[in-house]
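Heads up: the structure comes next, in structure tokens.
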Amino acid sequence: MLSRRDMLKGSLAAAAIGAVGSTVFVPLRADAKAPLAGTQAPGYYRLMVGDVEITALSDGTGHFPLADLYLNTTPEHARTALANAFQGTPTHVSVNAYLLNFGDRLVLLDAGTSDLMGPALGKLPANIIASGYHPDQIDDVVITHIHTDHTGGLTLNGKKVFANATVHVPKLDADYWLDPAIRDAAPDEAKAFFDQAVSATKPYVDSSTLKTYDADAPALPGLVNTTHRPGHTPGHSALWFESKGEKFVYWGDITHGDILQFDEPGVSIAFDVDPNQAIETREAAFAEAVAEKYLVAGCHIAFPGIGHVREDATMYDWVPMNYRSDV
2 MLSRRDMLKG SLAAAAIGAV GSTVFVPLRA DAKAPLAGTQ APGYYRLMVG
52 DVEITALSDG TGHFPLADLY LNTTPEHART ALANAFQGTP THVSVNAYLL
102 NFGDRLVLLD AGTSDLMGPA LGKLPANIIA SGYHPDQIDD VVITHIHTDH
152 TGGLTLNGKK VFANATVHVP KLDADYWLDP AIRDAAPDEA KAFFDQAVSA
202 TKPYVDSSTL KTYDADAPAL PGLVNTTHRP GHTPGHSALW FESKGEKFVY
252 WGDITHGDIL QFDEPGVSIA FDVDPNQAIE TREAAFAEAV AEKYLVAGCH
302 IAFPGIGHVR EDATMYDWVP MNYRSDV
């Protein structure tokens, strides 16, 4: 059998023979030069769940010091766990949203950040357009909870981004984040969250297109159901639907990232309003996802953020769905 060296010698000999006579064979070269493109592909991914078309949409990725934000652990341990999964510190964290086409109604789940969290985020409207839709076509925006990375994108420069939509938020969150008395009593470092909640929702409040839904009550009867998953915020809710025996659950901020909190559900994060309750909620959400084997989507799981949860030797594991080129 010829070795690589033998084959190389043969190639050189053939080249020498080709140069004999009046014709000299010059090896082909690729000298074309082009600047780096410097842009990512549009951030959307499409799939069908039963009769419902889902378009996963990226608002971008933020660069967050996750290891320093996790609670009930040490930054050193968190950095090691992230590094073992080839993730650095700070960590690139996805911000995702999901567009549901029910055939006669277009519903967006969460709204991204707008211009409130830096230039690497705020890409949701552009990605909606790239996906073949337009923000003006959206009938309803259903919010998992009122945090800046979920409601900031409702407005830009004080104007509605979703001009024809009704916005649905958890009543418990509206009662909390939009209450001036609670805002005034909050720590100074938390007051910005309250202010951003008010500014993001104000155009919808003023036009009577902001509605609330009760805990565990449908946000859109017959279309989008909710499961109260409190702790991260008082009204934090998973949003879900079923079609043709298939179930899709968008659980918002049950996890931040797809590494540490699956192996260690007892790790919470500094953004949790009630960290202990958030831990209980996460364990319940994981157990249900394992038992029912439904498709899960997470706001801060690597885009498109859709997959399944399974048990493994270290508690739980995130299993991203396999990429498909057909819808």
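Taking our numbering, the leading residue of the sequence shown gets 2, the next gets one more, and so forth. Backbone N, C-alpha and C define an ideal beta-carbon position, used for all residues, glycine too.
As assigned by DSSP and simplified to three states, the class of residue i
i	result
A79	helix
E284	helix
F249	strand
G154	helix
P36	coil
Y317	strand
T149	helix
N97	strand
L70	helix
R311	strand
V168	strand
N277	helix
N85	helix
S326	coil
G22	Note that G22 scores a pLDDT of 49, beneath 50, so its modelled location is shaky; the value from the coordinates is reported in the next line. Coil, per DSSP.
Host beta strand (DSSP E) of residue i (start-end)
i	result
L58	V53 to F65
F195	Element bounds for F195: not the beta strand (DSSP E) but the alpha helix (DSSP H), K192 to D207.
K212	L211 to Y214
M49	Y45 to V50
D141	D141 to V143
L109	L107 to L110
A298	L296 to A298
N226	N226 to H229
Proximity to residue i [Cα-Cα], best of the options
i	options	result
I139	H233, H148, T149 and L125	L125
E243	K34, I129, G44 and E54	E54
D254	V268, H233 and V50	H233
T40	D111, I307 and P120	P120
G153	T213, L122, A82 and L48	L122
Y214	V225, Y205 and L101	V225
A314	F263, I307, A290 and Y295	F263
G63	R311, P321, D105 and F304	F304
V297	A182, V250, A175 and A286	V250
D116	T149, A131 and H135	T149
G299	G267, A239 and G246	A239
K160	Y205, A191 and V170	Y205
A131	T56, M316, Q278 and A271	T56
Y317	G267, P235 and V168	G267
E265	W252, E312, P219 and D275	E312
Y134	I307, A288, A292 and L58	L58
L211	I307, Y177, K172 and N277	K172
P136	V170, H146, L101 and T145	L101
L168	I302, R47 and I144	The identity of residue 168 in the sequence shown is Val, whereas the question assumes Leu. Ranking I302, R47 and I144 by Cα distance to V168 puts I144 first.
A42	N73, N128, G51 and H78	N128
A271	N73, Y324 and L179	N73
R230	L155, E289, E247 and P222	E289
D273	L70, A285, D327 and Y45	L70
H301	L37, E77 and L67	L67
Range covered by the alpha helix (DSSP H) that runs through residue i
i	result
D264	L261 to D264
A239	From DSSP, A239 is part of no alpha helix (DSSP H) but of the beta strand (DSSP E) over S238 to S244.
L125	L125 to A131
K172	K172 to W178
D185	P181 to A186
Checklist line | Cβ contact (3+ pairs, closer than 8 Å) linking the segment 84-95 and the segment 104-112 | finding: Touching, no.
Item checked: Contact the segment 256-273 vs the segment 199-209: 3+ CB pairs below 8 Å -> The segment 199-209 and the segment 256-273 do not touch, with fewer than three beta-carbon pairs separated by less than 8 Å.
Note to self: Would the segment 58-74 count as touching the segment 92-109 if we require 3 or more Cβ pairs under 8 Å?
What the structure shows: Yes, the segment 58-74 touches the segment 92-109.
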